[in-house]
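Structure, as structure tokens:
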Amino acid sequence: MNELMKVRRDKLAAFEAKGVAPFGHRFEVSHHAKDVLEQFGHLEGEEESSEEITIAGRLMAIRGHGKASFSVLMDRSGRIQIYFKLDVLGEEKYSQFKLLDIGDIIGVKGHVFRTRRGEITVRVDDFDMLSKSLRPLPEKFHGLTDTEIRYRQRYVDLIMNPEVMNTFVARTNIMKSIREYLDERDYIEVETPVLGTIAGGAAARPFITHHNTLDLDMYLRIATELNLKRLIVGGMERVYEMGRVFRNEGMDVRHNPEFTTIELYQAYADYTDLMDITEGLVLNAANKVLGTTEFDYQGTHIDLANVKRISMNDAVKEATGKDFLSCQTVEEARAMATEIGVPYEERFGIGGILNAAFEEKVEETLIQPTFITGHPTEISPLAKRNPENPMITDRFEFFIYGRELANGFTELNDPIDQEGRFLDQLKQREAGDDEAHEMDRDFITALEYGLPPTGGLGIGIDRLVMFLTDSASIRDVLLFPTMKPLAGEGKKNLHANSPAKVEEKIDFSKVQIEPLFEECVDFETFSKSDFRAVKVKACEAVPKSKKLLKFTLDDGTDNDRVILSGIHQYYEPEELVGKTLIAIVNLPPRKMMGIDSCGMIISAVHQEDDEEALNLLMVSDRIPAGAKLY
RNA sequence: GGUUCACUAGCUCAGUUGGCAGAGCACCUGACUUUUAAUCAGGGUGUCCCGGGUUCAAAUCCCGGGUGAGCCA
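Under our numbering, the residues of the first sequence are numbered 476 to 1105, in order.
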């Protein structure tokens, strides 16, 4: 703790010594700072509001003048000057004011007036201590600029940088405008699972997590697409979900591991309808938060009211003179790509090469809002083929500033075609594309029940917010962007801490114990038994036996030891492989089901609810095979 | 993953050729009853990101690591 924090704790103690709670309670707020400025802007000269108002907020500046002082109070709406005066407050209250620090949160009761310098000000008649701030805020003039602290301690960023607050309020308003737009059009907002066993609906690597009770690896969703289409099958007709998706990929100014998308699906519509909706949603959002459809993004003027539409092939043709869709063979397309210097991979077909040419030569030139249509089927496994040309799909992507903002298409509703597309994706996966779609059998089943002709659309909310708030980085539109843990914290092995590993509570209350043996055994007899640690090399159920398991054990010698044990009702053979057990190894061989059993594996047996319960003695895997027990 | 840059007081930043760790704001003491980046006088509060190395001597040079930002893939 540094000097500044010590001083603040001393002041906290001083409040307590005066009988004032440094962390206060409920406070009735009649005005926000902005309300005061608006409502009392007419005050002139010696005039003072007749009304006594209350405001609450954080002290952002204190300008002491001895027996009278100015301060600045900040609340959600902005800042307002407040005036503490000894004559008004009295000795005791003014001495309390002297204990206030920048950053403290107080509630103020007072009258409004205009100072000689012309600033609307609240004269403090009384104030309540609401929260003592124990840490110094950043400097008033430069504020907080360190990007790392801004992201890690967003609360400080929000206190110090009003434009950050504005950005996040804009984000909320954008999302609200989208909901309003869709709700007005009879869409149903739904929620679908984040956790699942198939990560489908997009080309991306998923995050893997684990369900302990089910002992099941699960994925965090990479898209909401397939579940939403299931709901269209179910008859919802118009659905959308605005929510978080997770992609286990690189991070940069445009990508965060978790981000927000909206996907929407409309039965009996096609991709052209969804293009109109895309345009409508974006225009509506811009109008709501900017009041206009024109804005500057990072110094470039963007006009949303003027949207271009062009097919991918035409766009590539315009840029390079090459007509990839005229190609009859992959070789032709490869030659074209080579000619214009577009790299491609071996596994690409004509469509893949066209897409590569688009990404290489066209994408970043699409500064003004542009719909690209007619994506190759090869790269569009969930989109319906174009009726005239099966090589391409009825799909669009919406670009602004060279960046993909939205993606939509007429949904593929032919289950047989869909299954073939999934199989193609599996081939891509085997050919090394670990982002290729997984087969989702149940989705095929759903399509087999019948998906109406449907148009679907996805929009990257974070990117839209970036555009409309002129934010250079996605981290500037995420309240808490993903950050690496600082040295010393985090970076723990989460699996080691997972609840499954936490000690299981076991109920021993019903255990019945067999009476102890009365008769003693002498040490000599005892020491004749050779107990050893053994490792289970293999374990299988003995054929035709309900009870017996056959263990192949490493007892530390070169020879495998085989022991049969009647414990199948307690253990499945596969769960025992690799375990370290205890066995007596100097018993004479005994034939069981025609197999020699050489020794006995030691179990712990007790009665519980008059049932016999059994636990194999399993010991630490650190104990080597053959270790002798004394 | 590669590469460049940054990391010094609570914040924003200086720190020369390797030679006692600096400024402004904030903070502390005092003055001041309409100031507003208040002013005036006095006071420096530090794991120079971490760990090694070179050196009589390292914030500074070398090596390794951390976090962040940017560029490339």
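Just so it is clear, CB atoms sit at the ideal spot from N, CA and C, and this is done for glycine as well. Being a predicted model, the structure only gives us computed values, none of them experimental.
| task | Would you decide whether M635 is buried or exposed? Buried here means 16 or more other CB atoms lie within 10 Å of its CB. | result | Within the first sequence, residue 635 is the residue found at index 160, counting from 1. Buried is the call here.
| query | Name the DSSP beta bridge partners of E738, please? | reply | Locating residue 738 in the first sequence gives position 263, counting from the first residue. For E738, which the question treats as bridged, DSSP gives the partners E716, G933.
| field | Cβ neighbours of G824 in the same chain (closer than 7 Å, five flanking residues each side left out) | value | For the purposes of this step, residue 824 is identified with residue 349 of the first sequence, where counting begins at 1. Closer than 7 Å at Cβ, skipping near neighbours: V805, E853.
| field | Backbone CA spacing between Y1045 and T684 [nearest angstrom] | value | Within the first sequence, the letter at position 570 stands for residue 1045. Within the first sequence, the letter at position 209 stands for residue 684. Looking at the two C-alpha atoms, the distance is approximately 29 Å.
| request: Identify, in the order they occur along the chain, each residue of the same chain with its Cβ nearer than 8 Å to the Cβ of H506, setting aside the five sequence neighbours on each side. | output: Counting from one through the first sequence, the residue named residue 506 turns up at place 31. Only Q514, I528, T529, I530 meet the Cβ criterion.
| request: From the DSSP output, in three-state form, read off D603 for me. | output: Taking the first sequence and counting its residues from 1, one reaches residue 603 at position 128. Looking at D603 - three-state DSSP - the assignment turns out to be strand.
| task | Buried or exposed for T1000, please, with buried defined as at least 16 other CB atoms from any protein chain shown within 10 angstroms of its CB. | result | In the first sequence, counting from the first residue as 1, residue 1000 sits at position 525. Exposed, by the Cβ-count rule.
| task | Verify whether the separation of the beta carbon atoms of K935 and L749 is less than 9 Å. | result | Walking along the first sequence from the start, residue 935 turns up at place 460. Walking along the first sequence from the start, residue 749 turns up at place 274. Rather than Lys, the amino acid found at residue 935 in this sequence is Gly. No. Outside cutoff.
| task | Return the CA-CA distance between F918 and F682, expressed in angstroms with no decimal places. | result | Locating residue 918 in the first sequence gives position 443, where the first residue counts as 1. Locating residue 682 in the first sequence gives position 207, where the first residue counts as 1. Whole-angstrom Cα-Cα distance: 21 Å.
| field | Beta-carbon gap between G725 and A698 smaller than 9 Å | value | For the purposes of this step, residue 725 is identified with residue 250 of the first sequence, where counting begins at 1. For the purposes of this step, residue 698 is identified with residue 223 of the first sequence, where counting begins at 1. Against a cut-off of 9 Å, the Cβ pair of A698 and G725 comes out as no contact.
| field | 4 or more residues per run - each alpha helix (DSSP H) lying fully within the region 801 to 865 | value | 805 to 814, 825 to 836
| request: Give the straight-line distance between the Cα atoms of Q1157 and T622, rounded to the nearest whole angstrom. | output: No answer is possible for residue 1157: the residues shown for the chain start at 476 and end at 1105.
| Could you give the uninterrupted runs of the alpha helix (DSSP H) lying entirely in the region 634 to 680, keeping only those of 4 residues or more? | 637 to 659
| Residues of its chain near S948, where Cβ-Cβ distance is below 6 Å and the 5 sequence neighbours each way are ignored | The residue labelled residue 948 in the question sits at position 473 within the first sequence. Hits under 6 Å: V728.
| task | Just mark L880 as buried or exposed, buried being the case when its beta carbon has 16 or more other beta carbons within 10 Å. | result | To locate residue 880, count along the first sequence from 1; it is residue 405. L880 is buried by the Cβ-count criterion.
| query | Would S1100 pass as a contact of R1007 if the rule is Cβ separation under 9 Å? | reply | In the first sequence, counting from the first residue as 1, residue 1100 sits at position 625. In the first sequence, counting from the first residue as 1, residue 1007 sits at position 532. Note that residue 1100 is Ala in the sequence shown here, rather than Ser. For A1100 and R1007, yes; Cβs fall inside 9 Å.
| task | In the DSSP assignment, find the unbroken beta strand (DSSP E) run with E879 in it and report its ends. | result | Position 404 of the first sequence, counted from the start, is the residue given in the question as residue 879. Element bounds for E879: 878 to 885.
| said: Residues in the same chain with beta-carbon distance under 7 Å from G618, minus the five sequence neighbours each way, listed in chain order, please. | reply: Counting from one through the first sequence, the residue named residue 618 turns up at place 143. Scanning its chain for C-beta atoms nearer than 7 Å, with the 5 sequence neighbours on each side dropped, one finds around G618 the residues M635, N636, in chain order.
| request: Since I believe G849 is in contact with M787 (beta carbons under 8 Å), could you give me their beta-carbon distance rounded to a whole number of angstroms? | output: Counting from 1 along the first sequence, the entry for residue 787 is found at position 312. Counting from 1 along the first sequence, the entry for residue 849 is found at position 374. Going by Cβ atoms, the distance from M787 to G849 rounds to 5 Å, so yes, they are a contact pair.
| field | Own chain residues within Cβ distance below 8 Å of D889, not counting five before or after | value | Residue numbering aside, residue 889 sits at position 414 when the first sequence is read from its first letter. Counting only Cβ-Cβ distances below 8 Å, and skipping sequence neighbours, we find K859, L922.
| field | Proximal residues to F833 (C-beta, below 8 Å), its chain only, five neighbours per side dropped | value | For the purposes of this step, residue 833 is taken as the residue at position 358 of the first sequence. For F833, same chain residues with a beta-carbon under 8 Å away, outside a window of 5 residues either side, are M787, A790, V791, I847 in chain order.
| field | V504 versus E872, L605, E700, residue with shortest Cα-Cα distance | value | Against the first sequence, residue 504 aligns to sequence position 29. Closest by alpha carbon: L605.
| task | Give me the Cβ distance between F559 and A543, rounded to the nearest whole Å; I'm assuming they're in contact under 8 Å. | result | The count along the first sequence starts at 1 and reaches residue 559 at position 84. The count along the first sequence starts at 1 and reaches residue 543 at position 68. The C-beta distance from F559 to A543 rounds to 7 Å, short enough to fall under 8 Å.
| query | How would you label E716, buried or exposed, when you count the other beta carbons within 10 angstroms and need 16 or more for buried? | reply | The sequence position of residue 716 within the first sequence is 241, counting from 1. Buried, by the Cβ-count rule.
| query | Which stretch, first to last residue, makes up the beta strand (DSSP E) that contains A744? | reply | Position 269 of the first sequence, counted from the start, is the residue given in the question as residue 744. A744 -> no beta strand (DSSP E), and no H or E assigned at all.
| For D579 and L512, believed in contact at Cβ under 8 Å, the rounded distance | On the first sequence, residue 512 is found 37 positions in, with the first residue counted as 1. On the first sequence, residue 579 is found 104 positions in, with the first residue counted as 1. About 22 Å; that fails the 8 Å criterion.
| Cβ-Cβ distance between M958 and Y626 below 9 Å | Here the question's residue 958 lines up with position 483 in the first sequence. Here the question's residue 626 lines up with position 151 in the first sequence. Taking 9 Å as the Cβ cut-off, M958 and Y626 qualify as a contacting pair.
| Does the region 519 to 527 come within contact of the region 556 to 575, defined as at least 3 CB pairs closer than 8 Å? | no
| query | If you compare alpha carbons, which of T753, H912, R551, G671 is closest to Y630? | reply | Residue 630 sits at position 155 when you count from the first residue of the first sequence. Of the listed residues, the one whose Cα sits closest to Y630 is R551.
| message | Can you list, in chain order, the residues of its chain with a C-beta nearer than 6 Å to that of A1088? Leave out the 5 residues immediately preceding and following it. | response | The residue labelled residue 1088 in the question sits at position 613 within the first sequence. H1081.
| Can you tell me where the alpha helix (DSSP H) with F918 in it begins and where it stops? | Here residue 918 refers to the residue found at position 443 when the first sequence is read from its first residue. 916 to 925 is the span of the alpha helix (DSSP H), which, as asked, contains F918.
| How long is the line joining the alpha carbons of F602 and V563, rounded to whole angstroms? | Taking the first sequence and counting its residues from 1, the one referred to as residue 602 is at position 127. Taking the first sequence and counting its residues from 1, the one referred to as residue 563 is at position 88. Distance between the alpha carbons of F602 and V563: 12 Å.
| Beta-bridge partners of R1036, as assigned by DSSP | Residue numbering aside, residue 1036 sits at position 561 when the first sequence is read from its first letter. Note: R1036 sits in a beta bridge opposite L1028.
| query | What did DSSP end up calling N430 once you bin it into helix, strand or coil? | reply | This structure does not reach residue 430, given that the chain is present from 476 up to 1105, and the question cannot be answered.
| task | Rounded to whole angstroms, what's the CA-CA distance from K976 to E700? Just pull it up for me. | result | Within the first sequence, residue 976 is the residue found at index 501, counting from 1. Within the first sequence, residue 700 is the residue found at index 225, counting from 1. Note that K976 has pLDDT 33, beneath the 50 cutoff, so the model's placement of it is unreliable and no number is given.
| message | Contact defined as beta carbons within less than 8 Å: I believe L739 pairs with L758. What is the distance between those atoms, to the nearest angstrom? | response | Working through the first sequence from its first residue, we reach residue 739 at position 264. Working through the first sequence from its first residue, we reach residue 758 at position 283. That belief does not hold up - the Cβ atoms of L739 and L758 are roughly 16 Å apart, past 8 Å.
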